[in-house]
Structures are given as C-alpha cells and as structure tokens.
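Chemist: The number in this note's numbering is simply the position in the sequence shown, starting from 1, with 75 added.
Glycine included, every Cβ here is placed at the ideal spot set by N, Cα and C.
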Amino acid sequence: MLNKRIFDYKNDENIELFVLIKSAETRIAKNGKQFIAFNFSDQSGVISAKFWDASKEAIATFTPGKVVYLKGKRELYQNNPQIKIFKLRLAKESEPQDPALFVQKAPEKRVEIEAELNRYLFEITNPTWNRIVRALLKEYQKEFFTFPAAKSNHHAYAGGLAFHTLSILRLAKALGTQYPQLDTSLLYAGAILHDLGKVLELSGPVATSYTLAGNLLGHIVLIDEEIVKTCERLGLATESEDALLLRHMIISHHGLLEYGSPVRPHLVEAEVLHQLDNLDASLQMLDKSLEHTVPGEFTERIFGMDGRNFYRPNEK
76 MLNKRIFDYK NDENIELFVL IKSAETRIAK NGKQFIAFNF SDQSGVISAK
126 FWDASKEAIA TFTPGKVVYL KGKRELYQNN PQIKIFKLRL AKESEPQDPA
176 LFVQKAPEKR VEIEAELNRY LFEITNPTWN RIVRALLKEY QKEFFTFPAA
226 KSNHHAYAGG LAFHTLSILR LAKALGTQYP QLDTSLLYAG AILHDLGKVL
276 ELSGPVATSY TLAGNLLGHI VLIDEEIVKT CERLGLATES EDALLLRHMI
326 ISHHGLLEYG SPVRPHLVEA EVLHQLDNLD ASLQMLDKSL EHTVPGEFTE
376 RIFGMDGRNF YRPNEK
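See the structure below:
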C-alpha cells in the first residue's frame with residue numbers, strides 16, 4: 076500500500092503513504108481552537124488536509140519541508156479532493172526522508188530544456204536585449220532551471236519556471252511564422268525574462284513559499300529592478316528605447332492593472348506575450364486537473380480559472 080501515491084487513491088478510499096508537507100498554515104477554527112491547513116505532495120500531485128485541534132507541539136513538529144507518514148481517507152469537500160487525517164507522524168530514519176522524492180518535476184529533462192532554450196538566445200538579434208538576457212540567465216541559472224513557476228497554480232513543480240518559459244518560446248516561434256511582422260527578437264527576450272523574478276519572489280521547489288521581497292514587491296518589480304541594475308553594470312543606457320521596450324514587456328505581461336501589471340500592454344509584442352503567458356498557464360492548470368478526473372466527470376473548481384470546473388469527455 077505504501078507504494079501508492081496520492082492520486083492513485085480514489086474518493087472514499089482509505090490511504091496510507093509517505094508525503095511531503097508542502098505547506099502548513101496555522102489557523103483558528105470557529106470554536107476558537109487552532110488547526111493546521113496542510114498541503115501534502117508527492118510526485119503525483121498536491122492535496123489539502125486539515126489537522127483539527129492542533130497542539131503547540133503538533134504545530135512545531137509538522138512544518139513545511141518535512142516528510143511524514145499519513146494515514147487517513149480521501150474525501151470530497153465542496154467538490155475538491157482532500158484528506159481526512161487519521162494519523163500523522165514524522166518519517167523515521169529507516170523510512171523515506173528526502174523531500175526531493177516527493178516533489179513533482181517538469182515533464183522534460185533539464186538538459187533538454189536548457190539546450191533548446193539556449194538556441195533561442197541566438198535568435199535575439201538585438202545586442203542590448205541579448206546582453207541583458209544572457210547576463211541575467213547566467214546570474215540566476217541554477218534557480219531558473221530548478222524553481223517552480225508558482226506556489227500552487229500553474230507549473231508549480233521543480234523546473235516549472237524554465238519549462239513554462241520554454242513553452243511560451245515555442246508558442247512565440249509558431250506565431251512569428253504566422254505573423255512575420257512581429258519582432259520575435261523582442262518577444263523571445265520578453266518571454267525569457269517575464270517570470271525570472273520568481274527566483275526572488277519564491278523560496279524554491281521544496282515547500283514553496285513567498286519570500287519577504289516576494290510578498291512586499293512581487294516578481295514583476297523584482298525583475299524590472301534586475302534589468303535596470305544589469306543595464307548599469309553592462310554600461311547600457313537605462314533610458315534608451317531598447318531598454319524601455321524590454322522593461323515594458325516585463326511590467327505589462329499580466330495584462331491588467333488588477334492582476335499586478337503597473338501598465339497595460341502598449342506594444343504588439345507585449346500583448347502577444349501576455350496572451351501566450353495566460354494561455355500556457357491556463358492549459359497547464361487544466362491538464363493538471365483533468366489528469367486526476369475520471370472520464371465522464373467534472374474537475375474540481377479551479378481557482379486560477381475563475382472557480383470554473385471542466386468536463387472530461389468519455390474516452391472513445
């Protein structure tokens with residue numbers, strides 16, 4: 076039984092397995108007692124659970140990044156899967172303890188992602204954009220190829236940031252063929268840098284959380300600052316049109332002010348980047364939910380898709 080993973084279990088089935096505590100938030104229930112809101116993970120996905128009437132000892136023991144033995148039952152709550160906990164303890168020395176064993180990974184190998192992404196660098200023909208992109212990728216290479224693209228929504232797995240970036244580059248290349256008027260040099264540069272601030276916004280692939288800078292500033296502001304500092308270090312004019320165009324690609328890529336962008340896109344390439352970013356993130360969230368949905372049923376409600384659920388047709 077312990078060889079099974081989280082999503083090998085069906086609803087109303089008892090579970091027994093080792094999992095990673097991806098997140099653990101202490102909250103206050105209506106009765107005034109503390110409980111822990113968990114997210115448990117393994118390589119099959121992430122699922123939530125509540126640890127009711129949590130003692131101070133339990134709160135101090137069950138912290139993010141630790142591997143635990145979990146016994147309970149998989150249930151549905153408001154159409155979302157969760158675990159009812161029967162028993163929870165830390166893994167023993169003789170049991171699996173390496174958090175890396177319980178972290179989802181990108182669907183393609185890092186060496187392949189890195190090699191393909193590097194080929195796009197040669198297609199950034201504008202020297203200013205090319206120097207900035209290369210300098211920042213070199214500085215944050217380790218984090219870029221290991222970090223997730225988000226804490227929980229899309230590409231929230233080890234290597235997700237680089238894979239999400241490569242997915243957008245592939246889409247951008249196809250669009251460049253269909254619409255040759257696009258400046259693919261600018262589009263590729265913007266695509267590579269648009270989420271690079273996540274390496275400063277997030278803590279890493281294990282027990283991912285927001286850093287202080289991530290909470291207070293966000294990845295858009297953080298990478299824009301890095302672009303300015305890189306320009307100054309390379310002796311490039313920060314107020315040149317080239318620098319401003321690249322910075323605009325980054326700060327507008329969320330599309331709307333209410334989604335965190337200081338300005339809306341005012342370049343064709345910036346609008347394209349926003350649309351591709353949203354498309355790739357949405358499809359990844361959908362794929363993740365549909366993968367865990369029985370044909371003929373609806374997915375859980377997906378927060379990043381306005382709380383909608385989606386139907387998985389019966390297989391023909």
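(1) Tell me the DSSP secondary structure of G147 in three-state form.
(2) Would you kindly work out how many angstroms separate the C-alpha atoms of D245 and A135, rounded to a whole number?
(3) Does T101 come out as helix, strand or coil in the three-state DSSP assignment?
(4) Ignoring anything shorter than 4 residues, give me the alpha helix (DSSP H) runs that lie fully in the segment 253 to 301, in order along the chain.
(5) Quick one: what does DSSP say P156 is sitting in, helix, strand or coil?
(6) Got a sec? Which residues, its chain only, sit under 6 Å from G272 by beta carbon, not counting five neighbours each side?
(7) Name the two residues that bound the continuous beta strand (DSSP E) containing S116.
(8) Who are the Cβ neighbours of P370 in its own chain at under 8 Å, not counting the five residues just before and after it?
(9) For Q118, I'd like the list of residues in its chain whose CB is within less than 6 Å of its CB, leaving aside the five on either flank, ordered along the chain.
(10) Which same chain residues end up closer than 8 Å to A264 when comparing Cβ atoms and leaving out the 5 residues on each side of it in sequence?
(11) Short of 8 Å in beta carbon distance, which residues of its chain neighbour L23, apart from the five on each side in sequence? Order them along the chain.
(12) What are the residues that DSSP puts in a beta bridge with V121?
(13) Which of the three DSSP states, helix, strand or coil, is assigned to F373?
(14) Looking at the strands, I want to know which residues DSSP matches up with V343.
(15) Based on Cα-Cα distance, which residue from Q153, A190, G140 and I160 lies nearest to A68?
(16) Per DSSP, what kind of secondary structure is E91 in: helix, strand or coil?
(17) Cα-Cα, which of L95, Q153 and E316 is closest to G140?
(18) Work out the CA separation of Y232 and A112 for me, nearest whole Å.
(19) Any idea what DSSP makes of V142, helix, strand or coil?
(20) I'd like the list of long-range same chain contacts for G251, defined as Cβ closer than 6 Å, with 5 residues on each side in sequence excluded.
(21) Are there 16 or more other CB atoms within 10 angstroms of the CB of R383, so buried, or fewer, so exposed?
(22) Where DSSP assigns a beta bridge to R383, which residues make up the other side?
(23) Which first and last residues belong to the alpha helix (DSSP H) in which K217 is found?
(24) For the segment 302 to 321 and the segment 173 to 193, state whether three or more C-beta atom pairs, one from each stretch, are separated by less than 8 Å.
Modeler: On the basis of the coordinates in this document:
(1) As a working mapping, residue 147 is identified with position 72 in the sequence shown. Taken through DSSP and simplified to helix, strand or coil, G147 comes out as strand.
(2) In the sequence shown, the residue the question calls residue 245 occupies position 170. In the sequence shown, the residue the question calls residue 135 occupies position 60. Sequence check: residue 245 is Arg here, not Asp. Straight through space, the alpha carbons of A135 and R245 are spaced by roughly 45 Å.
(3) Here residue 101 refers to the residue found at position 26 of the sequence shown. DSSP places T101 in strand when its eight states are reduced to three.
(4) List check, alpha helix (DSSP H) in window: 259 to 268, 273 to 276 and 287 to 291.
(5) Taking the sequence shown and counting its residues from 1, the one referred to as residue 156 is at position 81. Three-state result, P156: strand.
(6) Indexing the sequence shown from 1 puts residue 272 at position 197. Excluding positions up to five away in sequence, the list reads H294, L297 and I298.
(7) Position 41 of the sequence shown, counting from 1, holds the residue named residue 116. Under the DSSP assignment, S116 falls in the beta strand (DSSP E) whose first and last residues are Q109 to D117.
(8) As a working note, residue 370 is residue 295 in the sequence shown. R387, P388, N389 and E390.
(9) Here the question's residue 118 lines up with position 43 in the sequence shown. Q179, listed in sequence order.
(10) Taking the sequence shown and counting its residues from 1, the one referred to as residue 264 is at position 189. Counting only Cβ-Cβ distances below 8 Å, and skipping sequence neighbours, we find I199, N201, W204, N205, I207, V208, L321 and M324.
(11) Any answer about residue 23 is impossible in this case: the structure gives the chain only from 76 up to 391.
(12) Locating residue 121 in the sequence shown gives position 46, where the first residue counts as 1. Secondary-structure assignment with DSSP links V121 through a beta bridge to S116.
(13) Locating residue 373 in the sequence shown gives position 298, counting from the first residue. Here F373 sits in strand by DSSP.
(14) One-based indexing of the sequence shown puts residue 343 at position 268. The partner list for V343 (beta bridge, DSSP) is empty, contrary to what the question assumes.
(15) The requested residue 68 is not part of the displayed model; the chain covers only 76 to 391.
(16) Against the sequence shown, residue 91 aligns to sequence position 16. Three-state DSSP puts E91 in a strand.
(17) To locate residue 140, count along the sequence shown from 1; it is residue 65. It is L95.
(18) Sequence index remark: in the sequence shown, residue 112 carries index 37 (1-based). Sequence index remark: in the sequence shown, residue 232 carries index 157 (1-based). If you draw a straight line from the Cα of A112 to the Cα of Y232, it is about 20 Å long.
(19) Numbered from 1 along the sequence shown, position 67 holds the residue referred to as residue 142. Looking at V142 - three-state DSSP - the assignment turns out to be strand.
(20) In the sequence shown, the residue the question calls residue 251 occupies position 176. So the list reads L257 and T259, once near-sequence residues are dropped.
(21) As a first step, residue 383 is located in the sequence shown; it is residue number 308 there, counting from the start. It counts as exposed.
(22) Looking up residue 383 in the sequence shown gives position 308. Residue pairing by DSSP places R383 opposite I377 in a beta bridge.
(23) On the sequence shown, position 142 is the one that residue 217 refers to. Segment Q216 to F219, the alpha helix (DSSP H) holding K217.
(24) Look at the beta carbons and you see the segment 302 to 321 not touching the segment 173 to 193: under three pairs across the two are nearer than 8 Å.
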